[in-house]
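Student: Residue numbering for the sequence shown follows this note's numbering, starting at 1041 and increasing by one per position.
For glycine and all other residues, C-beta sits at the position ideal for the given N, C-alpha and C.
Keep in mind it's a predicted model, so treat the numbers as computed, not measured.
Just passing along the structure, written as structure tokens.
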Amino acid sequence: VAIRFAMCFPDVYEIGMSHLGIQILYHQFNLRNDVYCERVYSPWSDLHKIMKEQQIPLFALETQDPIKDFDFLCMTLQYELCYPNILQILDLGGIPLKSADRTDHMPIVIGGGPCAYNPEPIADFFDIFYIGEGETVYDDLFDLYEQMKEDGSYSRQNFLHEAAKIPGLYVPSLYEVSYKEDGTIASFTPTDASVPASVEKQIVMDITDTYYPKAPVVPFIKATQDRVVLEIQRGCIRGCRFCQAGMLYRPTRERDVDFLKQKAVEMLDATGHEEISL
1041 VAIRFAMCFP DVYEIGMSHL GIQILYHQFN LRNDVYCERV YSPWSDLHKI MKEQQIPLFA
1101 LETQDPIKDF DFLCMTLQYE LCYPNILQIL DLGGIPLKSA DRTDHMPIVI GGGPCAYNPE
1161 PIADFFDIFY IGEGETVYDD LFDLYEQMKE DGSYSRQNFL HEAAKIPGLY VPSLYEVSYK
1221 EDGTIASFTP TDASVPASVE KQIVMDITDT YYPKAPVVPF IKATQDRVVL EIQRGCIRGC
1281 RFCQAGMLYR PTRERDVDFL KQKAVEMLDA TGHEEISL
């Protein structure tokens, strides 16, 4: 394959395997013949200690290859409590913590998910933030990477510069951010005129005619969400101001009922689960 992609949930396996978003993207990426997407999770403290003592680099589950050998390392940032695990994963993986210290032969580190909407507190550790829903522009990013590798124009800096022109991708190294005394942002300006001045959230409006796993990966131990998951809609009709999901996943979009019935049957057959959560 042309691209090796490590999809990381920076928390323990039982939590990460319960996350539908990764299952959707894992399915989407592996439909491409040129991409091999594997899973990575944050080791529990006992294994972390052994890996440090034995100098075992953090590896992906499917091939057990070190994540530092991949082209991309993508972390979904679901809640702020997982932030220390971001550093744990980079440290165990043998990847420099700060984006500025990484070389051309190291993976491009991407952050996505709800916390990517407020990227500045952790901007130094990521090469790219993906703002919005993953089904939209990842294919454009992969095509750009392959093209630059093929024509010999790839360098980390060149790639990040071109990736910043793709809608929804925020490359922190190409922007100058200044702060007020209270820590809020005073100004946010690109350092290059060819880079967009603002980053627009990516949204899939038709969520029926899009990717959805037919045979999701079944965990080999009991996970927190130990059942088939059907996403019936994104967004919420209530729009409560205190609700992170209600604010981030707007507008409300519903999946077609016949599509959901079909997926329910397919996934129950494929997984052996006996329950469905909506």
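Indicate the three-state DSSP secondary structure (helix, strand or coil) for Thr1311 in the structure shown.
Tutor: Reduced to three states, the DSSP call for Thr1311 is helix.
Student: Please go through the stretch 1112-1148 and give each complete beta strand (DSSP E) segment of 3 or more residues, from N-terminal end onward.
Tutor: Within the stretch 1112-1148, the complete beta strand (DSSP E) runs of at least 3 residues are 1112-1116.
Student: Quick one: what's got a C-beta closer than 7 Å to Asp1105's C-beta in the same chain, skipping five residues either side?
Tutor: If we look at Asp1105 and ignore the five residues flanking it on each side, its Cβ neighbours are Phe1099.
Student: From the DSSP secondary-structure annotation, give me the bridge partner or partners of Tyr1066.
Tutor: Note: Tyr1066 sits in no beta bridge, so no partner.
Student: List the whole-angstrom C-beta distance separating His1313 from Val1268, where the pair is believed to meet the contact cut-off of C-beta under 8 Å.
Tutor: Correct: roughly 5 Å between the Cβ atoms.
Student: How is the alpha helix (DSSP H) around Ser1234 delimited, first residue to last?
Tutor: Unbroken run through Ser1234: none, as it is neither H nor E.
Student: Look at the alpha carbon of Asp1180 and the alpha carbon of Asp1109, and state the distance between them as a whole number of angstroms.
Tutor: Roughly 22 Å separates the two Cα atoms.
Student: Assuming Arg1196 is part of the alpha helix (DSSP H), what are its boundary residues?
Tutor: Residues Arg1196 to Ala1203.
Student: Cα separation between Gly1208 and Tyr1170?
Tutor: For Gly1208 and Tyr1170, the distance between alpha carbons rounds to 6 Å.
Student: With three or more beta-carbon pairs closer than 8 Å as the criterion, would you say the stretch 1042-1060 touches the stretch 1077-1087?
Tutor: Segments in contact, yes.
Student: Give me whichever residues DSSP pairs with Pro1259 in a beta bridge.
Tutor: According to DSSP, Pro1259 bridges with nothing at all.
Student: For Ala1203, I'd like the list of residues in its chain whose CB is within less than 7 Å of its CB, leaving aside the five on either flank, ordered along the chain.
Tutor: Cβ within range, chain order: Ile1168, Leu1181, Leu1184, Leu1209 and Val1211.
Student: Taking only beta-carbon positions, decide if Val1297 is within less than 8 Å of chain D.
Tutor: No chain D appears in the structure shown, which is made up of a single protein chain.
Student: If you compare alpha carbons, which of Phe1299, Arg1044 and Tyr1066 is closest to Pro1256?
Tutor: Minimum Cα distance to Pro1256 is reached at Tyr1066.
Student: Looking only at C-alpha atoms, which of Glu1186, Lys1089 and Glu1102 sits nearest to Asp1131?
Tutor: Ranking Glu1186, Lys1089 and Glu1102 by Cα distance to Asp1131 puts Lys1089 first.
Student: Measure the C-alpha to C-alpha separation of Ile993 and Pro1159 and round it to an integer number of angstroms.
Tutor: With the chain represented from 1041 up to 1318, any question about residue 993 goes unanswered, as that position is not in the structure.
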